[in-house]
Amino acid sequence: MAKITYVEFNGTEHVVDVADGLTVMEGARDNGIPGIEADCGGACACSTCHVYVDPGWTDKLPAKDAMEEDMLDFAYQPDPQRSRLTCQLKVSAEMDGLKVFMPEKQI
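So this is what it looks like as structure tokens:
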């Protein structure tokens with residue numbers, strides 16, 4: 001289990017416990033957190049679960065694979081270092097304290 005903080009574009013924070021094995025996207029979806037649309041349901045076939053990872057976490061997360069890199073090209077204002085697709089981030093206890101920030105919009 002990991003406690004993850006989701007920050008909406010307007011600054012509203014949602015701190016939730018997400019079970020190991022789920023994705024950061026599923027944690028948002030299952031807890032009704034706005035800002036992560038996840039149109040493809042987690043298949044890495046869109047960019048609507050895009051977030052900006054807190055700078056202190058960018059080096060602690062697994063590297064992006066080629067598919068995630070390609071899909072981030074379609075995200076709204078991607079940041080080369082901080083942008084991630086939450087469907088590609090599988091939760092583990094090591095992610096306890098992760099903080100992610102929603103973009104202004106999803107496209």
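The opening residue of the sequence shown carries number 1 in the UniProt record's numbering; numbering runs sequentially from there.
Backbone N, C-alpha and C define an ideal beta-carbon position, used for all residues, glycine too.
**OP:** Under 8 angstroms Cβ to Cβ from Ala93, same chain only, skipping five residues before and after it: list those, please.
**Re:** Residue 93 sits at position 93 when you count from the first residue of the sequence shown. Met1, Ala2, Asp20, listed in sequence order.
**OP:** Could you tell me which of Thr23, Pro103, Gly11 sits nearest to Gln88, measuring between CA atoms?
**Re:** Your numbering for residue 88 matches position 88 in the sequence shown. Comparing Cα positions, the closest option is Thr23.
Original post:
If you run the structure through DSSP and keep just helix, strand and coil, what is Arg82?
Top reply: In the sequence shown, the residue the question calls residue 82 occupies position 82. Coil at Arg82, not helix or strand.
Original post:
Going by Cα to Cα distance, which pick from Pro62, Asp73, Ala43 is closest to Met95?
Top reply: Here residue 95 corresponds to residue number 95 of the sequence shown, with the count starting at 1. The shortest C-alpha separation from Met95 is found at Pro62.
Subject >> Residue from Val100, Lys105, Glu8, Thr5 whose Cα sits closest to the Cα of Thr58 >> reply: Position 58 of the sequence shown, counted from the first residue, corresponds to residue 58. Residue Val100 is the option with its Cα nearest to Thr58.
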